[in-house]
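Presented below is the structure to which this report refers.
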Amino acid sequence: MGWGLRRFSLWTTQICVCALTLPPSDVLVCPLRPVERFRDLCPEEVADLFRTAQRVGNVVEKHFCGTSLTFSIQDGPEAGQTVKVSAYYYNY
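For the sequence shown, this note's numbering puts the final residue at 98, and the numbers step up evenly by one.
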């Protein structure tokens, strides 16, 4: 993986990786296989990303004493996507 997220990862599966963003309030969850758009992910990748988002979201919410989470997908340049990979973010 070229972007070095594994070094700073909170959680890694065979399909995706999670990393804490700076400032440490959000978590980036992304596939290990680079893709241009969400539609380019195979069903197994989509399922693993959402399973991982759920698991890590529970941990993040407890750790930061949060009461809610926001999940968002920036899919394409008009949606604010800045990296060529589908990404998921948590906010507490």
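Each residue gets a CB set at the ideal place from its N, CA and C atoms; glycine is no exception. For clarity, every value in this text was computed on a predicted model and none was experimentally measured.
- Beta-bridge annotation (DSSP): S74 is not paired with any residue.
- With 16 or more neighbouring CB atoms inside 10 Å of its own CB, D54 falls in the buried class.
- Residue range P49 to H69 is occupied by the alpha helix (DSSP H) that includes Q60.
- The beta carbon of T19 sits closer than 7 Å to those of D54 and T58, all from its chain and outside the five residues before and after it, given in chain order.
- Contact annotation: V35 and C24 have beta-carbon atoms nearer than 9 Å.
- Of the residues T88, D81 and Q87, the one whose Cα lies closest to the Cα of F44 is D81.
- A Cβ-Cβ contact shorter than 9 Å links R39 with E51.
- Burial check for P37: the Cβ neighbour count within 10 Å reaches 16 or more, so the residue is buried.
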